[in-house]
Amino acid sequence: MQKYRVGVLGATGAVGQKFVELLDGHPWFEVVALAASERSAGKKYIDAVNWIGATPIPEKIADQTVVLANPEEVDADFVFSGVDASVALEMEMAFAQAGMPVISNTRNYRMEPTVPLLVPEVNPEHLALIDRQAYSDHGGFIVTNPNCSTVGLVLALLPLQKAFGLEAVHVVTMQALSGAGYPGVPSLDILSNVVPHIGGEEAKMETEPLKLFGTLTEQGIQFADFKISASCNRVSVLDGHTESVSVKLKTAADLAAIKAVFRAFEDPIAHLGLPSSPTPLIKLFEDERFPQPRRHASLGNGMTVSVGRVRADALFDVKFTLLVHNTIRGAAGGAILNAELLVSKGYLKHRI
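Just remember that the numbering used here sits 60 ahead of the position in the sequence shown, which is counted from 1.
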């Protein structure tokens with residue numbers, strides 16, 4: 061297939077760099093525009109970026125000239141947005157109004173009624189919201205992915221939601237340092253320590269899953285009706301968010317039935333053959349020591365969600381531990397999978 065020409069907004073930031081890294085060699089997408097602020101515009105990418113990746117800057121990218129992040133400067137079929145939330149509101153809207161699709165990693169439009177908050181395996185039908193966006197008639201629209209912790213939570217809950225329904229969820233997160241961006245949390249705050257507060261994180265985890273599991277109606281998304289309580293902590297781990305989850309089911313089930321549902325669960329979009337879809341989607345561990353971030357965060361090229369320690373809960377029905385790679389599945393990789401789904405459903409076009 062003819063590759064789609066992709067722009068990356070915020071290309072010099074931590075999320076933008078992860079987009080650049082993951083898109084290198086992608087079979088469907090080719091990065092043709094690296095966009096950033098006035099401070100970086102006009103420089104070669106290698107000179108503008110403080111590269112923090114574990115692999116070198118892709119050779120085809122290093123000498124590209126960074127352009128200003130506005131629609132007049134970015135010549136692409138669509139853009140990925142990794143810009144800071146402080147500038148995303150106006151910038152992403154400007155691109156959408158100029159007729160360019162925006163696949164965003166930022167929080168600004170996640171809860172907008174006509175913007176899909178998307179995890180492809182969970183709610184692909186919500187893409188129909190695109191047709192309700194005021195600027196979609198000339199090719200522009202916005203699609204977002206959820207908070208990095210939310211992604212792992214909803215994917216681990218998906219088999220239970222489909223089989224038994226959800227009544228209440230309690231989740232405690234242990235979130236990796238890379239989730240705070242660069243330069244991130246000061247070393248004197250995190251070494252030999254746990255920080256029991258991440259600004260705005262708990263509110264996102266308590267609301268975003270309700271939209272993701274919501275029902276598409278003529279009036280918009282009718283949010284799911286279960287309750288969520290979240291407590292979010294920053295820990296001294298580089299990559300991989302670990303979450304301890306307790307779940308009360310709508311339909312009672314014993315532990316054997318719950319484990320069987322996890323084991324038998326199949327990726328609902330596997331048939332689409334999307335390049336970033338992992339195998340398996342959910343990895344169930346029987347060993348009580350697992351999952352662990354250092355060992356398992358990169359399973360499925362960072363796109364698999366790991367689940368372990370599935371056991372009975374004295375207050376609810378079941379509790380378990382999950383692990384999600386926060387900068388891949390929870391950020392850039394999830395947005396790339398969103399774009400692949402948009403291609404498969406005919407929403408992304410080659411612009412003339």
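Beta carbons: idealized from backbone N, C-alpha and C, even for Gly.
Contact set for residue i: own chain, Cβ-Cβ below 8 Å, skip 5 residues either direction
i      : result
Asn110 : Thr72 and Tyr242
Gly70  : Gly76, Ala95, Ala96, Ala129, Ser141, Gly142, Val143 and Asp144
Ser196 : Ile190
Val403 : Tyr64 and Trp88
Closer than 7 Å to chain D by CB, residue i
i      : result
Val147 : Here there is only one protein chain, and chain D is not present.
Cβ shell of residue i (< 6 Å), same chain only, five flanking positions each side left out
i      : result
His275 : Inspection of the sequence shows that residue 275 is occupied by Thr rather than by His. So the list reads Gln282, once near-sequence residues are dropped.
Ser209 : Thr233, Met265 and His301
Val92  : Arg65 and Ala136
Val321 : Pro219 and Ala223
Leu270 : Phe283 and Ala284
Ala216 : Val365, Val367 and Leu382
His198 : Gly159
Leu315 : Ala372
Pro328 : Glu181
Ile250 : Ser296
Minimum C-alpha distance to residue i - residue among the options
i      : options                           : result
Phe138 : Gly200, Ser366, Asp123 and Val182 : Gly200
Asn293 : Asp299, Ala316, Pro256 and Glu266 : Pro256
Val147 : Gly239, Arg167 and Ala263         : Arg167
Ser289 : Gln279, Glu268 and Gly300         : Glu268
Glu98  : Pro116, Val126, Ile121 and Ser337 : Val126
Ala101 : Asn386, Gln352, Thr115 and Asp123 : Asp123
Leu82  : Tyr407, Met363 and Gly406         : Met363
Arg389 : Ala194, Ala357 and His410         : Ala357
Val214 : Arg192, Phe273 and Ala194         : Phe273
Gly260 : Asn207, Gln279 and Phe286         : Asn207
Thr277 : Pro173, Gly113 and Glu326         : Pro173
Whole-angstrom C-beta distance between residue j and residue i, which should lie under 8 Å
i      : j      : result
Val179 : Val211 : 6 Å
Val232 : Ser291 : 5 Å
Ala136 : Gly67  : 4 Å
Val384 : Val367 : The pair is not a contact, with the Cβ atoms about 10 Å apart (cut-off 8 Å).
Leu298 : Ser238 : 6 Å
Asn386 : Ala236 : 6 Å
Val203 : Pro176 : 5 Å
Leu397 : Ser337 : 7 Å
Glu152 : Tyr169 : 7 Å
Cβ-based neighbour list, residue i, same chain, cut-off 7 Å, excluding 5 preceding and 5 following
i      : result
Arg369 : Glu348, Phe380 and Thr381
Pro335 : His86, Pro87, Trp88 and Glu400
Pro131 : Ala154, Phe155, Ala158 and Met160
Leu359 : Lys343 and Ser366
Gly113 : Gln77 and Glu81
Per DSSP, cross-strand counterpart(s) of residue i
i      : result
Tyr407 : Tyr407 is not bridged to any residue.
Gln235 : Arg294
Gln282 : Thr275
Tyr127 : Here residue 127 is Val; the residue named in the question, Tyr, does not match the sequence. DSSP, once it has assigned bridges, lists Ala95 as partnering Val127.
Thr302 : Met234 and Leu383
Ile163 : Phe140 and Val203
Arg65  : Glu90
Ala357 : In the DSSP output, where bridge partners are listed per residue, Ala357 has none listed.
Ala228 : Lys287 and Lys308
Leu344 : Val367
Lys104 : Thr125
Leu177 : Thr204
Distance cut-off 6 Å: residue i Cβ against heavy atoms of the ligand ATP
i      : result
Leu215 : Ligands in the displayed structure: none, and consequently the ligand ATP is not present.
Pair every Cβ in the segment 244-252 with every Cβ in the segment 384-397, then say whether three or more of these pairs are closer than 8 Å. With the cut-off at 8 Å, the segment 244-252 and the segment 384-397 do not touch.
Under 8 Å, with one C-beta from each stretch per pair, do the segment 180-194 and the segment 223-241 reach the 3-pair mark? The segment 180-194 vs the segment 223-241: no contact.
Are there three or more Cβ pairs, one per stretch, closer than 8 Å when the segment 299-316 is compared with the segment 357-373? They touch, by the three-pair rule.
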